[in-house]
Amino acid sequence: MIDLKGEIAVVTGGASGIGLGVVETLLQCGATVAILDRNRAAMAVAVNSLGPDANIGAFIADVTSHEEVRVAKEEIVAGFGPPTILINNVGWDRPMPFTETDPLYWKRVLDVNLVSTLLVTHQFFGDMINMPGGARIVNVASEAGRVGSYHEALYSSAKGAVIALTKSLAREGARHQVTVNCVCPGVIDTVLMRSIVGSGNDSRERSIPMRRLGRPEDVAPMIVFLASPAAAYITGQVISVSGGMTMVG
């Protein structure tokens with residue numbers, strides 16, 4: 001078991017799906033976790049499921065808002081101290097042909113998937129590069145951002161930008177012992193995924209060599225590993241967690 005006792009982690013979109021799986025795994029490893037999510041109902045369910053003894057803080061914030069992110073950062077630091085781990089996990093999509101999209105749709109997809117990562121990382125990166133023991137940032141992108149995806153031009157563009165941001169910040173952070181890595185999930189069975197593509201799984205499962213959809217618990221261990229001391233010499237890397245759906249690129 002990875003030991004993260006004494007570490008303070010921030011997880012965006014941590015109230016459900018992959019984010020909640022990451023929160024659970026971080027807690028099992030001994031970390032203190034600040035959950036950022038704008039969904040009050042999901043947050044209430046998550047906090048209840050984690051239990052009264054969980055070492056967590058729940059912060060309601062829209063991470064596409066500079067002001068809400070700034071306030072959340074101040075509250076987290078005041079309550080727990082400066083975070084040593086940041087997991088940028090927020091994401092959203094609604095697949096459609098590019099010709100049917102419009103600027104409002106572009107803005108939403110880019111705000112949720114890219115701008116949120118910029119805003120949150122910008123708030124914490126300055127503190128992290130001044131930490132004597134270094135820090136860890138893990139960005140959750142997507143296989144769509146790594147290799148492209150049908151009817152997901154905007155989502156693929158946004159997640160591709162997250163991958164580029166990861167590599168650039170890894171170069172800036174390396175001399176300060178701040179590692180920045182990226183995990184690219186494939187098709188993961190979450191409430192969000194089902195709301196986007198429906199509940200029929202047969203065709204999607206056939207496209208995956210392992211013949212099943214991924215689960216949050218398939219992705220969370222890789223994210224937490226990259227956030228741990230065991231990954232201290234790994235930075236600027238893009239890791240696919242897709243059941244073999246994409247093996248090159």
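The UniProt record's numbering puts the first residue of the sequence shown at 1, with every later residue one more than the last. Even for Gly, the Cβ is constructed at its ideal location relative to N, Cα and C.
CA-to-CA distance, residue j to residue i, given in whole angstroms
i           : j      : result
Cys184      : Ser240 : 5 Å
Pro82       : Ile8   : 7 Å
Val140      : Ala164 : 12 Å
Asn130      : Phe124 : 10 Å
residue 252 : Asp102 : The structure shown does not extend to residue 252, since the chain spans only 1 to 249, so no value can be given for it.
Val187      : Ser242 : 7 Å
Tyr233      : Asp62  : 33 Å
Ile18       : Ala153 : 22 Å
Ala135      : Gly6   : 12 Å
Met1        : Arg70  : 33 Å
Val33       : Thr117 : 18 Å
Phe80       : Ser207 : 44 Å
Asp127      : Pro95  : 37 Å
Val10       : Ile87  : 6 Å
Asn55       : Glu100 : 45 Å
Ala178      : Ala42  : The amino acid at residue 178 is misidentified as Ala; the sequence shows Val. In a straight line, the C-alpha of Val178 is about 31 Å away from that of Ala42.
Ile35       : Ala46  : 10 Å
Val238      : Ala170 : 11 Å
Glu68       : Leu213 : 34 Å
Thr166      : Pro52  : 35 Å
His105      : Ser142 : Checking the sequence, you will find Tyr at residue 105 rather than His. The straight-line gap from Cα to Cα measures roughly 19 Å.
residue 314 : Asp218 : Lying outside 1 to 249, the shown extent of the chain, residue 314 is not represented and no answer is given.
Pro216      : Leu50  : 16 Å
residue 250 : Ala31  : What the structure shows of the chain is the stretch from 1 to 249, and residue 250 is not part of that stretch, so it cannot be assessed.
Tyr150      : Ser157 : 12 Å
Gly57       : Glu172 : 29 Å
Buried or exposed by the 16-neighbour rule on C-beta atoms within 10 Å, applied to residue i
i      : result
Lys73  : buried
Phe98  : exposed
Leu119 : buried
Arg146 : buried
Asn48  : exposed
Ala144 : buried
Asp37  : buried
Ala78  : exposed
Ser168 : exposed
Ala44  : exposed
Opposing strand residues paired with residue i [DSSP bridges]
i      : result
Ala144 : According to DSSP, Ala144 bridges with nothing at all.
Asp37  : Ile60
Thr179 : Arg136
Ile239 : Val183
Ala9   : Val33 and Ile85
Given residue i as reference, the closest of the options once Cα atoms are compared
i      : options                           : result
Val90  : Leu26, Thr84 and Leu110           : Leu110
Thr64  : Ala78, Glu75 and Trp92            : Trp92
Val162 : Asn181, Glu172 and His151         : Asn181
Ile60  : Glu75, Gly51 and Leu27            : Glu75
Pro132 : Arg70, Arg38, Ala174 and Trp106   : Ala174
Asp3   : Gly145, Cys29 and Asn88           : Cys29
Lys107 : Gly51, Val47, Tyr155 and Ala15    : Tyr155
His66  : Val238, Gly79, Thr84 and His122   : His122
Thr246 : Val11, Gly148, Met128 and Val138  : Gly148
Lys159 : Val112, Ala220, Ala170 and Arg171 : Val112
Gly236 : Glu217, Val138 and Ser157         : Val138
Thr84  : Leu26, Tyr150 and Arg215          : Leu26
Asn39  : Ala15, Ala31, His176 and His151   : Ala15
Cβ contact check for the segment 213-227 and the segment 14-34: 3 or more pairs under 8 Å: yes
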